[in-house]
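Protein chains in written order, with the numbering used here: chain W, 839 to 1006; chain B, 653 to 1144.
All C-beta atoms, glycine included, are put in the ideal place defined by N, C-alpha and C.
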Amino acid sequence: MNDVHNEKGTNKSLSLFFKSSFIVSAVIILISSILLYFTFTFDIVPPILNRGIQPATFPKALLILIIALTLLTYFISLKNPWKNEKKLPNSFYITLFSFVVFITVSKFLDFFLGIALLSIIVSYFWGERRFAYLIIVSIIFPLIVFVFFETILGLRFPPGIITNIYYG
Amino acid sequence: MENLGLIFAPLFSYKLLIVLFFGTIFGLILGVLPGLGPTTGGALILPFTMTLDPLSAIVLLTAIYCAGTYGGAITAILINTPGTPAAAATCLDGYPLAQKGEAGRALGMATVSSVIGGIASVIVLIFFAPLLANLAYEFGQPEYFALAIFGLTMLASIGEGSPIKNLIAGAFGILISTVGKDFMTSIDRFTFGINELTEGIGFIPVVVGLFAISEMLTQSTLINQIFNRVALKAVKLPSIDDYKKTWKTIIRSSGIGSFIGVLPAEGGTVASLIGYAEAKRWSKKPEDFGKGSIEGIAGAEAANNAATGGAMVPTLALGIPGSATTAVILTGLIIHGVRPGPDLFREQPEFLYGIFGSMLIANILFFVLGFFGAKIFARITLVPNKLLWPMIFAVSVCGTYSLNQSIIDVWLMLLFGVIGFFMRRYGFSVVPVIIGLILGELVEGTLRQSLVIFDGNWLMFLQRPIALTFFVLSLIALSFPLIKRKKKNDKV
């Protein structure tokens, strides 16, 4: 009986680590701690040139404040738990993946192609199956935006396989 | 006051009238589309404003602000989904009234009360902003530091999210402002050897990322959502009986909205909720609220539009944003090289009064466009998200890239989009991040300069009466949500 009780207790304490409040707080504290570490690598101004406080002091104070407030939020969440969020659907991960596709394609192939690919992925996986609409969203509209920015705003887009053809 | 005549200047400038017209139409479209709204729309349009002169750019943004705030009511009434957060309270009575077959009457009341609230708030802005700016002449560095701290502590009581989470988000925003070369010593901070970061992180990638891209990710989780749409035949002006029932509510809510708007970091959402609650409290028929009360619509709509002018008061007079959208407008002012504050009132009155006049005209324009075009604008909600959001992405990416022609800015925009999505998912509002980012430089700069003046003695802050007043107000702002929560717990 005792074993069962202990097992239940263990599960309860383990489940604390899987609560969103714990995970979010841990991520914030971890990132803040890493950034806090970096503040110690900032150059130090010699006292004779220093006006007021050192450049690292203000970010350090902010990061300590963020860590302290996050801990406070976490302890409050033990009493008033955060609402349980629904599991994220596949469409979210596909959209996130399309961002990665955009970054990769725009960096190594072409900026315009990156936008076109993202648009077609998002539109298709969000439910659009009509070919004409997919073409409008992925090619015609980005082309209009591209030409608008290029001609009216005088913007020069980064070179790429399609952009180079446009610029001749 | 001798500059009051300048208010009518926009009427004689065809260029400003065209900008106002397009700004109002664009604002209505943005307001109608759930998930967009004037804040995200303003962020999207910011890069385009670089082609305009500063006055036209700010007039465009303020027209979007006024019309977008009203536009949210159209969707709230017809599909029970607020086009903007500020229209959330309008759903409570607008949709039930529309379901009873009175969508036109509900929209008519929303339009009239929005216009009255909007115009009342511009009058508050015209008279109150110069007074506040005059007061700011007394401010030195320590006072500005205390004021910025007060602005930040007001984040604790901002409408959505827990007070502590809002403060964390605000601190995060200030932290972003520290990236790049330290302005006093030119020492690199958080640049990680990336040259593009030495100039700091720009406003546009953060604003577009946190609002537009994070919303796109949010919409990706809602693609199966179905809206129940109520048909709209025509918008009707409220009857004499409706006016008799609601005129006191409209006046009260206009006052509440203007006052709430003036408070730093508050805005239309808080104003509409309080306006609605007060309308119910003073009503002879509180039992009708939530079932299609015309007073409920008037209370919420007059208040949220009244907050627009109110929120512009601290934005223009002190450079402290009064709401999320005014934070975007303030960003627009900064990227156009205009620094809000008392000097702006003294040196560029035609600029300021041009904004005031434009806001008045925008309110009249959205009345006309809303009245005759609500049926058409309502149809915009038929554009499916699967087509709309990829298009918004294309505009966001090109707009963000256009400012510095930097691909790093585009990547930062995406990064902040992802951060914004998770922040919102776990109850952190993204608005404090923007306000923190805007106020960050002011907070750090004034703190360090004050310490130079005080020779490093922190206690000297307490010897400045204005600064001390702001610190006391900050303490009150911080403790207010705790008192509110305790009262709520005691009630339970």
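By the neighbour-count definition (other C-beta atoms within 10 Å, threshold 16), K1038/B is a buried residue. If the five residues before and after F987/W are omitted, its C-beta is found closer than 7 Å to the C-beta atoms of L993, all from its own chain and listed in chain order. According to DSSP, residue pairing for R841/B in a beta bridge involves G832/B. T837/B places its beta carbon 8 Å or farther from that of T843/B. Every alpha helix (DSSP H) stretch that sits fully inside the segment 1015 to 1070 of chain B and reaches 4 residues is listed by chain position as 1037 to 1056. Annotation: N928/W to T1121/B spans about 52 Å, alpha carbon to alpha carbon. DSSP places P857/B within a helical segment (H, G or I) once states are collapsed to three. Q1101/B: member of the alpha helix (DSSP H) spanning 1083 to 1105, first to last residue. With a 10 Å radius around the Cβ and a threshold of 16 neighbouring Cβ atoms, V767/B comes out buried.
In this structure, DSSP gives Y1078/B a state outside helix and strand, which the three-state scheme calls coil.
Contact between the segment 822 to 837 of chain B and the segment 1081 to 1101 of chain B is present: 3 or more CB-CB pairs across the two stretches fall below 8 Å. Counting only runs of 4+ residues, the alpha helix (DSSP H) found wholly inside the segment 660 to 733 of chain B occupies 666 to 684, 689 to 697, 706 to 731, in chain order. L668/B has its alpha-carbon roughly 33 Å from the corresponding atom of P1036/B.
The segment 957 to 968 of chain B makes contact with the segment 763 to 780 of chain B: 3 or more CB pairs, one atom from each, lie closer than 8 Å. For G907/B, the enclosing alpha helix (DSSP H) covers residues 892 to 914. In this structure, the CA atom of G920/B is about 40 Å from the CA atom of N847/B. In this chain, the alpha helix (DSSP H) harbouring D745/B covers 740 to 749. Secondary structure within the segment 769 to 803 of chain B: not one fully enclosed alpha helix (DSSP H) run of 4 or more consecutive residues is present. A contact between stretches requires three or more CB pairs, one per stretch, nearer than 8 Å, and the segment 789 to 806 of chain B fails this requirement with the segment 978 to 990 of chain B.
Cβ neighbours of V883/W within its own chain (closer than 7 Å, five residues either side excluded): Q892, P893. In the DSSP assignment, P992/B falls outside any alpha helix (DSSP H) and carries neither an H nor an E. Our two residues, R841/B and L900/W, have alpha carbons roughly 13 Å apart in a direct line. Under the criterion of beta carbons closer than 8 Å, D1061/B and G854/B qualify as touching, at roughly 6 Å. Under the DSSP assignment, T921/B falls in the alpha helix (DSSP H) whose first and last residues are 920 to 934. Looking from the CA of N922/W, the closest CA among S858/W, I867/W, I902/W belongs to S858/W.
Its Cα nearest to that of T967/B, the residue I1007/B stands out among S765/B, E953/B, I1071/B, I1007/B. Exclusion of the five residues before and after G675/B leaves V711, L712, L713, T714, A715, I716, A719, A1014 as the residues of its chain whose Cβ lies within less than 8 Å of its Cβ.
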